[in-house]
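Structure record follows, encoded as structure tokens.
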Amino acid sequence: MILRLQYMPAALVWCLTLGGLTTSAQTLPNSSAGRAMSAILGFIDSGDAAGFEQYARGAFTPEFLRGLPADRMAQNITRLKETTGGLALAEIRTMPDGALEVNTTARRDPAFKARFVLRLAPNHRISELRLAMFDPAQHQNPYAGVPPSSSLAERMGAIGKVLESESAAGRFSGTLIIAQNGQPKLERATGLANRAFSVPNTVETKFHIGSITKMFTAIAIAQLAAAGKLSFDDPISKYLPDYPDQPLASRITVHHLLTHTSGLGDYQSSEYQKRRWSLDGLSDHYRFFASQPLRFDPGKGWGYSNAGFLLLGLIVERVTGQSYTGYVTEHVFKPAGMNESGFDVIDDLTPRLAVGYTRITKEGSREGPLKSNVLTLPFGSPAGGAFSTARDLLKFAEALQSNRLLDAKHTQMVTSAKAKPDGPPELFYGYGFRVLTINRQRAFGHGGSVPGGSAELFIFPETGLVVVALANIDPPAAGRLVTPICELLTQTPATVEQSKP
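So the sequence shown is residues 0 to 500, counted in numbering that gives the first Met the number 0.
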């Protein structure tokens, strides 16, 4: 299990009770779990990342640390301290197996709440630590005053006002498009694409889209499957005979990679950042993850894996004989009419590409000086190395739904639930697509997050609505804007009245 730094609606955070004995907020139990939880809260209060890292190496099980190393957890401790000013106990539940559910509030703002679940292994080391947070600043509903009876046009007006407010507050800089049945209902750009030269963002500005790229990779794999050139059930050893761990490659399937159920982790380590400028092709990335232990056996868990999607891109290359970027350009971008989309190259000059601006430091703090994100971009990566415009992503959504990228069978396949990530009960994962339900309306798409870049694409097939937001500032700029928009748009009757025939 891993430590999840995850924002969830209040109802999800505070209604997921686990049973057991509830105690008052005053003290943690004098047990191994209680003492471990006390230590963790102490490190959060002090912000002592170095001390926590040393503590974590001895306090957590080796299996836990393989999934989330001590140094990365220490970065999370720093972020929690910065965000909350420390945490105060609110409620404690002791579970029948001795595990603890601990609810806390932020010392800086009691409305900010954090819920922990801590469980120990038989050797008294921490085998599970889960964290869900409710930040009122992230979950305020700016559309609370918009009545359910409002028209779609009235909702667009309300969204436009919120967009202006978010831009003025510095929380959004980018492009937002909302369309229905391919026709834009709102198209708006705000902020600067280049702050040094005061160049404004427009609806034609290109943005780094991070993990939205995973949808393109999944489409490429599904096209090859539809053509009979590979099978989702094939072991990856069939296509990657040079993978360093062949016994493992024979156990991981294409399906596992597409659904994040392979057990593989990430390749974007500190060592990768040092050497990324000299890498020669996708297979040169093996060194950054192939020797890492699995987080779980293939098919026995769920864990977001950039390494897995990098391997999918390499499989595309091995099956087709083309470069990954060349194949996607020819077989995804071109048939969709995405003429303004492409892949980041180290020394390329891309017209109208927004500079990404980030405050995220190497240590994980979000309070660093504002700088360009060029040194951290995942160039040409099948996991997140593309750029696009909001209009191009709208074209992608239309091409996908009209079966111009895949036949109907495979379109349904990639956009249907295949695996269950940690998180809200309505969230699932398909083949490279997030699949979820919002106000009883089915949606699919993906988000993207890189330092200095934030992106969201939501597709509502029953009503023909598509929401695209691209930003050139740190996440969660796009998600903060889009989440309440989707809640608003899925209210009835406005979206139902104007749905597809």
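For glycine and all other residues, C-beta sits at the position ideal for the given N, C-alpha and C.
Minimum C-alpha distance to residue i - residue among the options
{"i": "G280", "options": "S380, V465 and C485", "result": "S380"}
{"i": "G446", "options": "L456, G452, R365 and S166", "result": "L456"}
{"i": "F288", "options": "S45, G66, L488 and G444", "result": "G66"}
{"i": "I314", "options": "V253, M337 and Y356", "result": "V253"}
{"i": "G97", "options": "A131, G57 and R34", "result": "R34"}
{"i": "Y430", "options": "V481, T489, F332 and A382", "result": "A382"}
{"i": "T414", "options": "S387, G444 and T436", "result": "G444"}
{"i": "T201", "options": "T258, Q440, T260 and L352", "result": "L352"}
{"i": "T77", "options": "R129, A306, P199 and F51", "result": "F51"}
{"i": "W301", "options": "D421, F342, I211 and H330", "result": "D421"}
{"i": "S126", "options": "S150, G57 and K160", "result": "G57"}
{"i": "R118", "options": "K184, S31 and G181", "result": "S31"}
{"i": "A396", "options": "Q53, T83, Q179 and N29", "result": "Q179"}
{"i": "L40", "options": "R71, Q74, L79 and L64", "result": "L79"}
{"i": "P474", "options": "A219, R365, L185 and K394", "result": "R365"}
{"i": "F378", "options": "N29, L369, G46 and Q267", "result": "Q267"}
{"i": "Y303", "options": "D283, E316, E329 and D265", "result": "D265"}
{"i": "N438", "options": "P147, A49, T83 and A131", "result": "P147"}
{"i": "P423", "options": "N29, G156 and A131", "result": "A131"}
{"i": "I91", "options": "N29, T82 and T83", "result": "N29"}
{"i": "I208", "options": "L239, G144, L348 and T174", "result": "T174"}
Chain-order list of residues whose beta-carbon lies under 7 Å from that of residue i (same chain, five-residue window excluded)
{"i": "G85", "result": "I43, D44 and R106"}
{"i": "V198", "result": "L191 and A192"}
{"i": "A225", "result": "L405, D406 and H409"}
{"i": "P483", "result": "N140, P141 and Y142"}
{"i": "G181", "result": "E397"}
{"i": "G312", "result": "T216, L281, Y323 and P381"}
Residues bridged to residue i (per DSSP)
{"i": "E186", "result": "I176"}
{"i": "K370", "result": "T357"}
{"i": "S387", "result": "F206"}
{"i": "P199", "result": "L191"}
{"i": "K112", "result": "T104 and F133"}
{"i": "G341", "result": "F386"}
{"i": "V467", "result": "I176 and L456"}
{"i": "Q440", "result": "I437"}
{"i": "G447", "result": "A454"}
{"i": "A418", "result": "Y428"}
{"i": "F215", "result": "BP columns for F215 are empty, so no partner."}
Between the CA atoms of residue j and residue i - distance to the nearest angstrom
{"i": "T69", "j": "C485", "result": "The sequence shown places Ala at residue 69, not Thr. Between A69 and C485, the C-alpha separation is close to 36 Å."}
{"i": "A55", "j": "G452", "result": "31 Å"}
{"i": "Q245", "j": "T491", "result": "53 Å"}
{"i": "Q139", "j": "F196", "result": "34 Å"}
{"i": "T324", "j": "A335", "result": "15 Å"}
{"i": "E100", "j": "F115", "result": "6 Å"}
{"i": "E203", "j": "A476", "result": "19 Å"}
{"i": "E270", "j": "N338", "result": "35 Å"}
{"i": "P121", "j": "E62", "result": "13 Å"}
{"i": "L426", "j": "K417", "result": "11 Å"}
{"i": "L480", "j": "Y285", "result": "36 Å"}
{"i": "A219", "j": "K213", "result": "10 Å"}
{"i": "K237", "j": "F231", "result": "12 Å"}
{"i": "F459", "j": "K273", "result": "41 Å"}
{"i": "S261", "j": "V161", "result": "40 Å"}
{"i": "S23", "j": "T93", "result": "Unreliable placement is indicated for S23, whose pLDDT of 40 sits below 50; no coordinate value is reported for it."}
{"i": "M412", "j": "T436", "result": "17 Å"}
{"i": "T258", "j": "K419", "result": "9 Å"}
{"i": "R275", "j": "K370", "result": "19 Å"}
{"i": "E159", "j": "D241", "result": "Here residue 159 is Gly; the residue named in the question, Glu, does not match the sequence. Approximately 52 Å between the Cα atoms of the pair."}
Within 7 Å, strictly: CB atoms of residue i and residue j
{"i": "E165", "j": "F171", "result": "yes"}
{"i": "L223", "j": "V318", "result": "yes"}
{"i": "P297", "j": "H255", "result": "yes"}
{"i": "N372", "j": "T388", "result": "no"}
{"i": "T375", "j": "G367", "result": "no"}
{"i": "P234", "j": "S210", "result": "no"}
{"i": "L263", "j": "A306", "result": "yes"}
{"i": "A206", "j": "R124", "result": "Inspection of the sequence shows that residue 206 is occupied by Phe rather than by Ala. Not in contact: F206 and R124 (Cβ atoms no closer than 7 Å)."}
{"i": "L502", "j": "L488", "result": "Because the chain spans 0 through 500 in this model, residue 502 falls outside it and cannot be assessed."}
{"i": "A385", "j": "F432", "result": "no"}
{"i": "I176", "j": "V434", "result": "no"}
Own chain, CB closer than 6 Å to residue i, minus 5 neighbours either side, in chain order
{"i": "K228", "result": "V318"}
{"i": "T104", "result": "A87, A89 and K112"}
{"i": "S340", "result": "F332, S387 and D391"}
{"i": "A398", "result": "A335 and L404"}
{"i": "L27", "result": "G33, M36 and S37"}
{"i": "S448", "result": "G209 and P474"}
{"i": "N102", "result": "A89, E90 and R114"}
Own chain, CB closer than 8 Å to residue i, minus 5 neighbours either side, in chain order
{"i": "P243", "result": "Y285, A289 and S290"}
{"i": "A73", "result": "A48, A49, F51, E52 and A55"}
{"i": "P183", "result": "I176, I177 and L393"}
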